[in-house]
Structures are given as structure tokens and as C-alpha cells.
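According to this note's numbering, the residues represented by the sequence shown are 32 to 105, in order.
We put the beta carbon where it would ideally sit given N, CA and C, even for glycine.
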Amino acid sequence: MKDKVCAICGGEVTKKKTMIDRIINGKLYLFEDVEVLMCDQCNEIWIPGRTAEKMDQTLQQNSKPKRKILVPVY
């Protein structure tokens, strides 16, 4: 995002680290400390292309997770 302005609300976009969840084939995967671009006003996020590719590669390679957690489903 070159202009650092949110395409959704016009707020300021800054680099931050956050948790990203992905659901693939009914399985939930969590990625911690992912560097994203986040709107300070509406919290919309954009995942840089290289970061998204790395996340996909991690899942495709069946890499061992740092840890596993139990997630309640309602």
C-alpha cells in the first residue's frame, strides 16, 4: 500500500503485528506475529504478498507448529 491510506475508510495505515487465522478444508490454522498493514481507524488489514506466500508455503509443507491450542466451537 503505497499511499498509506485505507482504501475502505480513508484512515491512516501502519505496519503492525497481529494474529491471522486461516480456515482450509474445515481446519483452523493460526499465525502469530504476522506483520501486516492495518488501518488505525477501522482495523482493516492487508497482508503483504510475500507474507501470504510464506503462510501458504508453511501449510503446504506441513511444517510443525510452535504449539497447538484447543478452540471452542459454537
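In this structure, residue 39 sits near residue 75, with a CB-CB distance shorter than 9 angstroms. Take the alpha-carbon of residue 100 and the one of residue 57: they are about 16 angstroms apart. Closest in C-alpha terms to residue 79, from the list 46, 36, 88 and 59, comes 46.
Beta bridge pairing from DSSP links residue 35 with no other residue. Note that the C-beta distance between residue 37 and residue 72 is below 9 angstroms.
Shown here for residue 90: same chain residues with a beta carbon closer than 8 angstroms to its own, the five before and five after excluded, namely 53, 55 and 60 in chain order.
Secondary structure of residue 101 (DSSP, three-state): coil.
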